[in-house]
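Notes follow once the structure below has been shown.
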Amino acid sequence: MHRALPAGNRCWSPFSVAAALCRAADVAGEDTAPAVADVLRADVGRTAKLLAVAADEPAVTSADTIWVDPAAPAANHPDVRRLALDEHAHVVINEVVRELTRGLVPRAVPPGAITPGTLAILVNALHAKGAWVEDFPEDDTRPRKFRTPSGKRMVPTMRRVGTFGHAARHGWQSVLIPCAEALDVVALLPDQPLATAELDGDALADLVTGVRFTEVDLHLPKVDLTEATELAEPLRALGAGPLFDSWLLVEQVLHQAKLALDEHGVEGAAATSAIAAMGWHDPREALVVRFDRPFLLVVRHRGTGLLLFLAEVVEP
Numbered sequence: 007m008h009r010a011l012p013a014g015n016r017c018w019s020p021f022s023v024a025a026a027l028c029r030a031a032d033v034a035g036e037d038t039a040p041a042v043a044d045v046l047r048a049d050v051g052r053t054a055k056l057l058a059v060a061a062d063e064p065a066v067t068s069a070d071t072i073w074v075d076p077a078a079p080a081a082n083h084p085d086v087r088r089l090a091l092d093e094h095a096h097v098v099i100n101e102v103v104r105e106l107t108r109g110l111v112p113r114a115v116p117p118g119a120i121t122p123g124t125l126a127i128l129v130n131a132l133h134a135k136g137a138w139v140e141d142f143p144e145d146d147t148r149p150r151k152f153r154t155p156s157g158k159r160m161v162p163t164m165r166r167v168g169t170f171g172h173a174a175r176h177g178w179q180s181v182l183i184p185c186a187e188a189l190d191v192v193a194l195l196p197d198q199p200l201a202t203a204e205l206d207g208d209a210l211a212d213l214v215t216g217v218r219f220t221e222v223d224l225h226l227p228k229v230d231l232t233e234a235t236e237l238a239e240p241l242r243a244l245g246a247g248p249l250f251d252s253w254l255l256v257e258q259v260l261h262q263a264k265l266a267l268d269e270h271g272v273e274g275a276a277a278t279s280a281i282a283a284m285g286w287h288d289p290r291e292a293l294v295v296r297f298d299r300p301f302l303l304v305v306r307h308r309g310t311g312l313l314l315f316l317a318e319v320v321e322p
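Counting in my numbering, the sequence shown runs without a single skipped number right up to 322 at its last residue.
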C-alpha cells in the first residue's frame, strides 16, 4: 500500500485504513471478509480485536461511525447514525471527525464527494499522542543539512544523546524512540537512497522489534506532515475488489493523515472514509545516527504491534 501512494512525502495510517476495512467487511457481509483479509494479510476478526485493544489505551482514540441515508434500508447496528446524505452532509460528518481528531483532520469528506447515489459513509477517525520518555533539548534544535532528491537543504533538526533502541541490518538502520505512553516511534534510515531501497514486511518487523538499547547521538529532523489520498484503486490492486463489488458498493475510500514530531513527543491523526452507494543497555561510546536524508517513520502501538502511522520523509 505504501508504495502505491504518490511519490514524495508520504503519510498514512495503516491502523485507520484497517479499521475502516474491517468495519466495511462487517457491514458488507462475510463474502468480502476473505478479500479484506488478503489486503490486511491477517484474519479480519483477529485484526478487529487487536484494533480494539490498541484503541483502549489512553494515548490512542479511535472511533467508527456509519452514516446512513434515511432512504437506505434500515440497519440495526450500534454505530449507525441516520443523516440525509445531501450536499450539506459533509459539514456534519467533518465536525464529528474534527472533534475526534482534536482538530487535526478538519475535513475528512470534502465538498462534492457525496453524490446523489450515496447511501452510506463509513468513517474511522484516529488520534494518537505520546510524550517522549525524555525530551529533546530545545536549545539543541537548529538548522542542519538534509539531502533531498532536489539537493541539500537546511531543516530544523533535533539532537539528543541518550539511550535508544537501535538495529542495523537488511540495508537499514532503525532507531526506536520510546514514549511514556503505549507508543513507540521508529525512524528507519536506508543505507542507499530511499527511492531504491527495498524493505519487505519481515525486514520491517525485524528492524522495529529487534532493536538493542544502546547510547545513540541522534540527529532527527522535526516533522510536520499532512497528506490526503484516494485509496480505492490501490486497495483494488491489492485484492479488495469484492468490497467494491458487494451490495454495499464502496465507490470511494478517502484517507487523510497528519503526523508531527517535535522536541516533546509525537502526535498524529487520521480519518478514513469509505463512501458507498448502497533489549539491553550497551555502555559503549554513543553511536551517531544522523537522519540527514530521506527516511521512514513508524508509529506503533507497543502492546499489539499495530502500526498507527507510516510516513516517508523526503522534504522535512
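Backbone N, C-alpha and C fix where the C-beta goes; we use that ideal spot for every residue, glycine too. If you're wondering where the values come from, they're calculated on a predicted model, not measured in any experiment.
Report task. Report all residues from its chain with a CB closer than 7 Å to the CB of residue 56; omit the five preceding and five following residues, and keep chain order. Result -> Closer than 7 Å at Cβ, skipping near neighbours: 310, 312.
Query - Assigned secondary structure, residue 99 (DSSP; H/G/I helix, E/B strand, else coil) - result: Here residue 99 sits in helix by DSSP.
Query - Through-space distance from residue 198 to residue 190, alpha-carbon basis - result: One C-alpha to the other measures close to 25 Å.
Query raised in the report: When the Cα of residue 186 is compared with those of 241, 63, 315, which residue comes out closest?
Result: The option with the nearest alpha carbon to residue 186 is 63.
Query raised in the report: If we count the other Cβ atoms within 10 Å of its Cβ and call it buried at 16 or more, is residue 121 buried or exposed?
Result: By the neighbour-count rule (16 or more Cβ atoms within 10 Å), residue 121 is not buried but exposed.
Query raised in the report: Under the three-state reduction of DSSP, which class applies to residue 259: helix, strand or coil?
Result: In the structure shown, residue 259 falls within a strand segment according to DSSP collapsed to helix, strand and coil.
Query raised in the report: Okay, do the segment 251–270 and the segment 89–101 touch, 3+ Cβ pairs below 8 Å being the bar?
Result: Taking a cut-off of 8 Å for Cβ pairs, the segment 251–270 and the segment 89–101 do not touch, as fewer than three such pairs fall below it.
Query raised in the report: How is residue 22 classed by DSSP in three states: helix, strand or coil?
Result: It is helical.
Requested in this report: Check the C-beta distance from residue 172 over to residue 222 and give it rounded, since I have them as a contact under 8 Å.
Outcome: Between residue 172 and residue 222, the beta carbon gap of about 6 Å places them in contact (Cβ cut-off 8 Å).
Report task. Please look up how many angstroms separate the CB atoms of residue 67 and residue 277, rounded, as I've assumed it's under 8 Å. Result -> Residue 277 and residue 67 do not touch by the CB rule: their CB atoms are close to 12 Å apart, not below 8 Å.
Query raised in the report: What's the gap between the Cα of residue 179 and the Cα of residue 142?
Result: Between the alpha carbons of residue 179 and residue 142 lies a distance of about 20 Å.
**Report entry** Euclidean distance between Cα positions of residue 154 and residue 61
**Finding:** The alpha-carbon atoms of residue 154 and residue 61 are separated by roughly 35 Å.
Query raised in the report: Are the beta-carbon atoms belonging to residue 135 and residue 65 less than 8 Å from one another?
Result: Yes, the Cβ-Cβ distance between residue 135 and residue 65 is below 8 Å.
Requested in this report: List in chain order: all unbroken alpha helix (DSSP H) runs of 4+ residues lying wholly within the segment 92–165.
Outcome: Counting only runs of 4 or more, we get 95–106.
**Report entry** CB contact flag (residue 256, residue 280, <8 Å)
**Finding:** The answer is yes: Cβ separation under 8 Å.
Query raised in the report: In this structure, does DSSP put residue 290 in helix, strand or coil?
Result: Since pLDDT at residue 290 reaches only 48, below the 50 mark, its modelled position is unreliable, and no value is offered.
Query raised in the report: Can you tell which of 174, 126, 200 has the C-alpha that lies nearest to the C-alpha of residue 217?
Result: Selected option, being the one with the closest Cα: 174.
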